[in-house]
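Worksheet for the structure shown next.
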Amino acid sequence: MSSFIIIVARDKHSGIGIQNALPWHLPEDLSHFKKTTSGHAILMGRKTFESIGRPLPNRRNIVITRNPEWKTEGVDICHSLEEAKALVKEQTAYIIGGAEIYRQALDLADTMIITEIGQTFECDAFFPAFSDDTWLETNREAHVSATNIPYAFVTYTKKNKE
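With positions in the sequence shown counted from 1, the corresponding number in this note's numbering is that position plus 7.
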């Protein structure tokens, strides 16, 4: 069975980006992202892919786009999260954004790895709200970056539905 994990960095107000870019410089988070997702499938929206600018190495890059004409080298293209889910089959897949993909994936994912940044940044894209009734915090590693930004790697696990 496939496993779907949301991975995201968000600020104190759930901001995740501005003008299709990260609003902060947090090398520790980028290193954590690379280490966590390497060797796995990553699912992302087209705008997220375009903000990265290239397929990420050592990962199966799956881009979700509504545009049937959109094509690029080195990625698998699908037109819905359901279609992406079918491509993944028995793999672990990390959902890496953006905001609309995260919103759609909250029901699909069984784990979230959230870098909670202890500051507020100017953002125009936000991670969707989620409920403590559905998600349980299962791990928290607090840190302070080399640039003095407090952050924590926090893992949430979906509660069993009774």
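Positions of the beta carbon are idealized from the N, C-alpha and C atoms, including for glycine.
### Task
Could you name each continuous alpha helix (DSSP H) segment of 4 residues or more that falls completely within the stretch 27-57, going from the start of the chain to the end?
Inside the stretch 27-57, DSSP marks whole alpha helix (DSSP H) runs of 4 or more residues at positions 34-44, from first to last along the chain.
### Query
Between 133, 120 and 117, which lies nearest to residue 21 when the distance is taken from Cα to Cα?
133
### Task
Take residue 123 as the anchor and find which of 48, 41 and 16 has the nearest alpha-carbon.
16
#### Entry: Cβ-based neighbour list, residue 159, same chain, cut-off 8 Å, excluding 5 preceding and 5 following
122, 123, 125, 147, 148, 149 and 150
### Residues of its chain near residue 129, where Cβ-Cβ distance is below 7 Å and the 5 sequence neighbours each way are ignored
25 and 30
### Task
Pair every Cβ in the stretch 102-119 with every Cβ in the stretch 54-65, then say whether three or more of these pairs are closer than 8 Å.
With contact defined as three or more Cβ pairs closer than 8 Å, the stretch 102-119 and the stretch 54-65 are in contact.
### Task
Quick one: grab the DSSP three-state call for residue 19.
Of the three classes helix, strand and coil, the one that applies to residue 19 here is coil, per DSSP.
### Nearest-angstrom Cα separation, counted from residue 50 out to residue 14
Approximately 10 Å between the Cα atoms of the pair.
### Message
Please tell me whether, using a cut-off of 8 Å, the distance from the CB of residue 122 to the nearest non-hydrogen atom of the ligand MG is below it.
### Response
With respect to small molecules bound, the structure shown includes none, and the ligand MG cannot be examined in it.
### Query
Per DSSP, residue 165 forms a beta bridge with which residues?
142
### Query
In whole angstroms, what is the alpha-carbon distance linking residue 154 and residue 32?
8 Å
### Query
Can you tell me whether DSSP reads residue 107 as helix, strand or coil?
helix
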